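Residue numbers (UniProt numbering): 1 to 538. A virtual CB, placed ideally from N, CA and C, is assigned to each residue, including glycine. Here the structure is a predicted model, which means the values were calculated and not measured. For reference, the structure is listed below as structure tokens.
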Amino acid sequence: MNYLLPFLGLLLTFNSIAQRQVCGHQIHTPQGSELDYEPCASASFRTKWMHRYHQNPAAYQHLKTPNSTTYLPISLHIVGNDDSTGYASLTAVLNAFCRVNQDYKNTGIQFFIEYPIRYIENTAFNDHDSVIIGGGFMLQYNVPNTTNCYIVANPAGACGYNVLYGGLTVSQNCLTANTFSHELGHALGVQHTFFGWEGGHGYNGTALQNFPSPAPTEVLYDYTVYKDTMWGADTIIVDTTAVEYVSRTGPNANCNSAADGFCDTPADYLAFRWSCNGSNMSTTQQLDPDSVAFYSEGINIMSYSTCRSVFTTEQGQYMQAFIQAKRSNHLYNQSPIVDSISIANMALIEPAPNATLPTTVGSTFRWNKVDGATHYLLKICAAPCTTPGHIMEEILLTDTVYTSPLSYAPRPSFLPYRWQVLPFNQSYTCAGLTAPQSFNTQIATGLNDNAVINSFTIYPNPSQQGNNLTLEVQTSKATTGQLSLLSITGKTLLQEDWKLQQGVNQLNLPLTHLAAGVYLVYLEGINGKIIRKLVIEQ
């Protein structure tokens, strides 16, 4: 039974309801890991189509693609801040996409990237605290006829969520887990294994379960913001659902009508993150309404366990039928490029191993073409590469040669630059990065005697957020240079003319308006352009 409850009569604000529907709020900091977040902010609900399917799954068998693979397009959106900082690593996104296709292999469903991969500068979307806010931004950026996935820093305090009217989000801190696969399961209509227990309480905050006691026969929950259209703030929708019994036979067996509706997903009431034991089971004992004791199984991707790895046969059959019935407009390309790719024969040609480049600017990177690859991710870092701010460039290319616009200043021999390449195509992103290859640079000798700008230095570098940056230029005669400050993605943040006198010139640049990250400082004069990389730390 559905209930439409008047907003004022409940004496609750819509914001409080939306906050409760988020499975959990951020525990520590957006720079944490997936363990700092609840796994999902998607509340479950039963659509009319879902009810009909579970009443008679056999009636929908004709909708499934027999003995073949169904391919679905994914539009990837990587969201950052207004100042071009805060983006997820493209390497991490591609690795997560690889995990998705591995997770879905037994379902007969595979995904492919619908290019281009989009970058969005939107701080409010990158770090938002409610599903309503996120859903609104999705409607602004969505690509039609595809499943839209947004990689953000903080999706309403959870690892991710899905809304049918918009798309799905995944936290950049949860890309190493299978949150992406979990949210795609929701996008294809599959519910949590603990359907109805989301939040661990009723829609009005009433506690429903004391695990040493038998579970109730029904639970009441709200799903206002998870309908297939966006509802206003004056309506709250709640529903009841039967609690699943452990037994699969007998008069009380209800696995095809209770919880997620699948009989090959065992009963589960654990709507919070939990750790698995050595047998991939929960350590928390639960009691069904018949007082039958059980432990939750942790391997299902639609659970909240830490050992999720698979979908069941019935879940796969349901998703196939759902696609044909509800997402047929996504089936426009059933022949995407899916070739497997190996880096075994991939060679990083230029710079050669341990090469010292004769100049700090215009560095060229070259590698051989790899069978099956249509795109290449070039990653360049300054050792140690795991240090924040040491990723110099992460570039998506269709060619096998790239000339960098950055200036690579000489580094200590024991901390050189390193570069790697990841080849991939629409569907296969699992080849991995090549082994890193080192290089260094040196200051060019034999400077042009007619050069006007003899040197350009910025310090301190790295600099601290909120401090002043000193720019120092030495010239052989008076001239005018154009000074530009750019984000790492190429957005111009500052541009002005600088009148330079013969000799040493200094300019103080406040950094109060810049977030922590990597920037480019350009100085262009009559004898060319000089580029310096600026790192701002918190």
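- 8 angstroms or more divides the Cβ of threonine 492 from the Cβ of glycine 525.
- Straight across, the Cα-Cα distance linking alanine 187 with asparagine 142 is about 14 angstroms.
- Relative to the Cα of serine 335, the nearest Cα in the group Ser68, Ala58, Gly166 and His54 belongs to Ser68.
- Look at the region 387-463 and you find these whole runs of beta strand (DSSP E), each 3 residues long or longer: 391-397, 401-403, 417-424, 437-441 and 453-459.
- Using a 10 angstroms sphere on the CB of histidine 77, the tally of other CB atoms reaches 16 or more, which defines it as buried.
- Nearest to aspartate 288 by C-alpha distance, out of Asn467, Val452, Pro216 and Arg327, is Pro216.
- Across the set Val131, Asp371, Asn210 and Thr70, the C-alpha of Asp371 shows the shortest separation from the C-alpha of asparagine 345.
- Between histidine 192 and aspartate 260, the gap from beta carbon to beta carbon is short of 8 angstroms.
- By the CB criterion at 8 angstroms, isoleucine 323 and leucine 72 fall inside the cutoff.
- Closest option to proline 416, judged by alpha-carbon separation, among Asn354, Ile74, Lys477 and Glu394: Asn354.
- Taking the Cα positions, histidine 51 is about 8 angstroms away from serine 257.
- Per DSSP, the continuous alpha helix (DSSP H) segment holding tyrosine 318 begins and ends at 313-326.
- Runs of beta strand (DSSP E) with 3 or more residues, each lying fully within the UniProt domain "Secretion system C-terminal sorting" (458-536), are found at 468-475, 479-487, 492-500, 503-510 and 517-525, listed in chain order.
- DSSP, read as helix, strand or coil, puts aspartate 260 in coil.
- Note on geometry: alpha-carbon atoms of glutamine 464 and leucine 139 lie some 37 angstroms from one another.
- Its chain contains Gln474 as the residues whose beta carbon lies nearer than 6 angstroms to that of serine 455, once the 5 sequence neighbours on both sides are disregarded; these appear in chain order.
- Residue nearest to alanine 158 within the set His128, Asn148 and Leu184 is His128 (criterion: CA-CA distance).
- Per DSSP, the beta-bridge partners of glutamine 285 are Tyr295.
- Annotation: tyrosine 203 to valine 238 spans about 7 angstroms, alpha carbon to alpha carbon.
- Per DSSP, reduced to three states, the secondary structure at glutamate 218 is strand.
- Counting the other Cβ atoms within 10 Å of the Cβ of serine 340 gives fewer than 16, which makes it exposed.
- Given a length threshold of 4 residues, each whole run of the alpha helix (DSSP H) inside the region 99-136 is given here in chain order: 123-126.
- Taking C-beta atoms as the reference points, leucine 378 and lysine 533 fail to come closer than 8 angstroms.
- If you draw a straight line from the Cα of proline 144 to the Cα of alanine 271, it comes to about 32 angstroms.
- The beta carbons of phenylalanine 180 and arginine 118 sit about 16 angstroms from each other, so the pair does not count as a contact at 8 angstroms.
- If you look at phenylalanine 180, you'll find it in the alpha helix (DSSP H) that goes 179-187.
- Apart from sequence neighbours up to five positions away, the residues of its chain that approach tyrosine 332 with a beta-carbon distance below 8 angstroms are Pro73 and Asn145, ordered along the chain.
- Proximity to threonine 457 across Gln437, Phe194 and Leu483 peaks at Leu483, based on C-alpha coordinates.
- Counting every other CB atom within 10 Å of its CB across the protein chains shown gives threonine 364 a total below 16, marking it as exposed.
- The beta-bridge partner set that DSSP reports for glycine 167 consists of Val163.
- Counting other Cβ atoms within 10 Å of its Cβ, proline 155 reaches 16 or more and is therefore classed as buried.
- Within its own chain, the residues whose Cβ lies closer than 6 angstroms to the Cβ of serine 75, once the five positions on either side in sequence are excluded, are Glu114, Val143, Thr146 and Asn148, listed in chain order.
- One Cα belongs to glycine 136, the other to glycine 166, and the distance between them is close to 8 angstroms.
- Glutamine 285 and proline 214 have their alpha carbons spaced roughly 11 angstroms apart.
- Counting along the chain, lysine 48 sits inside the alpha helix (DSSP H) bounded by residues 48-55.
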